[in-house]
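K.L.:
Its first residue numbered 1, the sequence shown is counted upward by one per residue in UniProt numbering.
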Amino acid sequence: MRCDVVIVGAGPAGIFAAMELLHSVPGLKVLLVEKGKDIDERQCPMEAGAPSCVSCPECELVSGWGGAGAYSDGKLTLSPRIGGFLSRYVDDTTLQSLLDYVDNIYRRHGAPGELHGVNEAEIEALKRRAAVYELSFVPSRIRHIGTDRCRKVLRNMRDALIGKVEVLFSTEVLRILAEGGQARGVRLHNGEEIAAEYVILASGRASSQWLENEVRRLHLTLLKNPVDIGVRVEVPAPVLEPLTRITYEPKLLFTSKRFDDRVRTFCVNPYGEVVREHLKGVWTVNGHSYAEKRTDNTNFALLVSTTFTEPFDEPVSYGMYIARLANFLGGGVIVQRLGDLLQGRRSTPERIAKGTVEPTMKDATPGDLSFVLPYRHLSSILEMLEALDAIAPGVNSRHTLLYGVEVKFYSLQLLLTGGLETEIRNLFAVGDGAGVSRGLIQASASGVLASREIAGRYGLP
Ligand SMILES: Cc1cc2nc3c(=O)[nH]c(=O)nc-3n(C[C@H](O)[C@H](O)[C@H](O)COP(=O)(O)OP(=O)(O)OC[C@H]3O[C@@H](n4cnc5c(N)ncnc54)[C@H](O)[C@@H]3O)c2cc1C
Numbered sequence: 001m002r003c004d005v006v007i008v009g010a011g012p013a014g015i016f017a018a019m020e021l022l023h024s025v026p027g028l029k030v031l032l033v034e035k036g037k038d039i040d041e042r043q044c045p046m047e048a049g050a051p052s053c054v055s056c057p058e059c060e061l062v063s064g065w066g067g068a069g070a071y072s073d074g075k076l077t078l079s080p081r082i083g084g085f086l087s088r089y090v091d092d093t094t095l096q097s098l099l100d101y102v103d104n105i106y107r108r109h110g111a112p113g114e115l116h117g118v119n120e121a122e123i124e125a126l127k128r129r130a131a132v133y134e135l136s137f138v139p140s141r142i143r144h145i146g147t148d149r150c151r152k153v154l155r156n157m158r159d160a161l162i163g164k165v166e167v168l169f170s171t172e173v174l175r176i177l178a179e180g181g182q183a184r185g186v187r188l189h190n191g192e193e194i195a196a197e198y199v200i201l202a203s204g205r206a207s208s209q210w211l212e213n214e215v216r217r218l219h220l221t222l223l224k225n226p227v228d229i230g231v232r233v234e235v236p237a238p239v240l241e242p243l244t245r246i247t248y249e250p251k252l253l254f255t256s257k258r259f260d261d262r263v264r265t266f267c268v269n270p271y272g273e274v275v276r277e278h279l280k281g282v283w284t285v286n287g288h289s290y291a292e293k294r295t296d297n298t299n300f301a302l303l304v305s306t307t308f309t310e311p312f313d314e315p316v317s318y319g320m321y322i323a324r325l326a327n328f329l330g331g332g333v334i335v336q337r338l339g340d341l342l343q344g345r346r347s348t349p350e351r352i353a354k355g356t357v358e359p360t361m362k363d364a365t366p367g368d369l370s371f372v373l374p375y376r377h378l379s380s381i382l383e384m385l386e387a388l389d390a391i392a393p394g395v396n397s398r399h400t401l402l403y404g405v406e407v408k409f410y411s412l413q414l415l416l417t418g419g420l421e422t423e424i425r426n427l428f429a430v431g432d433g434a435g436v437s438r439g440l441i442q443a444s445a446s447g448v449l450a451s452r453e454i455a456g457r458y459g460l461p
């Protein structure tokens, strides 16, 4: 088979790359290759009633049309400083207009009109209050689609594309083909080769190990990235309301006193639930909230970013190792009451039941996270919980639940041009997998950016 552009992965980055190509270069032959299923066929067995994960060969939560976006909380973070690193590649004005452009496309496909985090006076007051406790508050406007509505939006995008670009579902790309310093296409799992003028890699976070192997094989330059390891915190929703009332996703940064490490809140889910995530045989924890369904709790991640000492250079493996350790000790995700952790004892089902926070993740194993998390990470998390308690009293309660571990494997970072081209001509890398983004809006924007670069080479704007 031959095409003009082959896109690997139909997550937000791949979908937006395809939409932009279609819009700017009429008649271009674009092929999207996706190893998962179409959105209507995607169903996590746990959603259908399975008591626990059955380890599907391709995780239904992160693979298929919409990628990890399909089951995501659908919070579109419209601040250029959150959710990715596109500011490394384009100036602030270009980036903001790119984010607005992408946001408009989401709206055209069904995202709601309401924006959170627009009350300047309240935001300024929160910023000042946080600063007193050594917390930096990063304001951002958020459009909340919600997990339930997110799939509808992605389905609308598929309907707009199908028939105009070719999509191969349940088809995995095994090799990136390049010759003489130029991309030539891809080889599929069945051995078939697809020749293409341009290749856009949009393979997401869950395939970061595959991508890393490929880029090493192709001798592309990898830049160093930290790895983010931490826990998901669950509290009664009113506890976090002083923050979530003002902004849907309160983004707070803290530098730990003992280790000088950066700790941040991530993916806050007001009235949401804690969920498991399956990555290549390893369980990690995540969270989401629905637009039309509420629990009594709010959850958020506290992540510690560390850069490793020389000569170690395998942050992905390190993160996997810590997650595997939690699985090894707890048979999956571990949950612990903060009070138990501070008293140096494990949580048990009885102790969890005595607590005032009812876990929204029912099959987490009560255990002891101090056996899993390195001292460096644990002490930084405890410091941040204390600081947060000053602006949201109750966060540092003994009843607060900690689930572990949450690991963010965005550790791969490729050397890319301003148009997101790799050192191999006509080979582009976008989205979370390339270390360019960490969320829906910037992943989508990165797809647009690469496609605009390609459109430019066809002499089009
Ligand atoms: C539970 C959860 C909640 C989240 N909530 C939010 C949120 O509220 N707001 C937010 O901004 N972000 C959120 N995110 C993150 C967001 O989903 C991602 O940032 C975004 O989906 C990244 O898009 P992407 O296209 O780069 O990668 P992905 O969405 O990961 O898509 C990559 C696609 O490529 C396919 N693929 C991989 N390798 C191959 C291969 N070799 N061959 C063929 N296909 C391949 C995969 O199957 C996948 O479908 C959440 C993520 C999760 C898991």
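Think of the CB as a built atom: it goes at the ideal place given N, C-alpha and C, for glycine as much as any other residue.
Expressed to the nearest angstrom, what Euclidean distance is found between the alpha-carbon atoms of P238 and T295?
P.N.:
Using only the alpha carbons, I get a separation of about 12 Å.
K.L.:
Would you please state the rounded distance, in angstroms, between the beta carbons of V448 and E34? I believe it to be under 8 Å.
P.N.:
Incorrect: roughly 19 Å between the Cβ atoms, too far for contact.
K.L.:
Out of curiosity, what's the CA-to-CA distance linking A326 and V333?
P.N.:
Rounded to whole angstroms, A326 to V333 spans 7 Å at the Cα level.
K.L.:
Could you pull out every residue in the same chain whose Cβ sits closer than 7 Å to the Cβ of V215, ignoring the five residues on either side in sequence?
P.N.:
L222, L414, listed in sequence order.
K.L.:
If you measure from the CB of Y248, is any heavy atom of ligand 1 nearer than 7 Å?
P.N.:
No.
K.L.:
Assuming Q182 is part of the alpha helix (DSSP H), what are its boundary residues?
P.N.:
It is not in any alpha helix (DSSP H) - Q182 instead sits in the beta strand (DSSP E) that spans 182-188.
K.L.:
Across which residues does DSSP place P12 in a beta bridge pair?
P.N.:
DSSP, once it has assigned bridges, lists no residue as partnering P12.
K.L.:
List, from N- to C-terminal side, the beta strand (DSSP E) runs of 3 residues or more that fit wholly inside the UniProt domain "FAD-dependent protein C-terminal" (259-407).
P.N.:
Correct list: 262-269, 273-279, 282-288, 297-306, 334-337.
K.L.:
Quick check: the Cα distance between S379 and S370, rounded to an integer number of angstroms?
P.N.:
If I take the Cα positions, the gap works out to 10 Å.
K.L.:
Between which two residues does the alpha helix (DSSP H) holding S446 run?
P.N.:
Unbroken alpha helix (DSSP H) run through S446: 440-457.
K.L.:
Give the DSSP-derived three-state secondary structure of A50 in the structure shown.
P.N.:
Here A50 sits in coil by DSSP.
K.L.:
Grab the span of the alpha helix (DSSP H) containing S72 for me, first residue to last.
P.N.:
Element bounds for S72: n/a, residue is neither H nor E.
K.L.:
Is the beta carbon of V263 sitting closer than 8 Å to the one on F254?
P.N.:
It is a contact, given that the beta carbons lie within the stated cut-off.
K.L.:
In its own chain, which residues sit with a C-beta less than 8 Å from the C-beta of D148, not counting the 5 before and 5 after it?
P.N.:
Correct list, in chain order: Y290, A291, E292, K293.
K.L.:
Do E172 and ligand 1 come close, with the Cβ less than 7 Å from some heavy atom?
P.N.:
Checking the Cβ of E172 against ligand 1 gives yes.
K.L.:
Need the endpoints of the alpha helix (DSSP H) that E122 sits in, please.
P.N.:
E122 -> alpha helix (DSSP H) spans 120-132.
K.L.:
Less than 7 Å separating the Cβ of S207 from some heavy atom of ligand 1?
P.N.:
It does: the Cβ of S207 is within 7 Å (strictly closer) of some heavy atom of ligand 1.
K.L.:
Quick check for students: name the residue ranges of the alpha helix (DSSP H) that lie wholly in the stretch 180-236, counting only runs of 4 or more.
P.N.:
Counting whole runs of 4 or more residues, the stretch 180-236 contains the alpha helix (DSSP H) stretches 208-217.
K.L.:
Would you mind giving the Cβ-Cβ distance between I441 and V102, rounded to the nearest angstrom? I have them listed as a contact below 8 Å.
P.N.:
That pair is a contact at about 6 Å.
K.L.:
When the Cα of V395 is compared with those of G113, L338, P311, which residue comes out closest?
P.N.:
That would be L338, whose Cα lies nearest to the Cα of V395.
K.L.:
Let me know if residue 492 comes out buried or exposed under the rule of 16 or more other beta-carbons within 10 Å of its beta-carbon.
P.N.:
As shown, the chain starts at 1 and ends at 461. That puts residue 492 outside it, with no answer to give.
K.L.:
Consult DSSP for K251 and reduce its assignment to one of helix, strand or coil.
P.N.:
DSSP places K251 in strand when its eight states are reduced to three.
K.L.:
Can you name, in chain order, every residue of its own chain whose Cβ lies under 8 Å from the Cβ of L240, other than the five neighbours on each side?
P.N.:
Closer than 8 Å at the Cβ level, and outside the excluded window around L240, lie P250, V268, P270, T298, F300, A392, V395.
K.L.:
What first and last residue would you give for the alpha helix (DSSP H) that runs through I142?
P.N.:
Per DSSP, I142 belongs to no alpha helix (DSSP H); it is in the beta strand (DSSP E), 142-144.
K.L.:
Return the CA-CA distance between T451 and A18, expressed in angstroms with no decimal places.
P.N.:
It is worth fixing the name first, because residue 451 is Ser in this sequence and not Thr. Cα to Cα, the separation comes out at about 8 Å.
K.L.:
With a 10 Å radius around its C-beta and 16 neighbouring C-beta atoms as the bar for buried, classify K408 as buried or exposed.
P.N.:
With 16 or more Cβ atoms within 10 Å of its Cβ, K408 is classed as buried.
K.L.:
For a test of the three-state rule: what should DSSP assign to V5, helix, strand or coil?
P.N.:
In this structure, V5 counts as strand in the three-state DSSP scheme.
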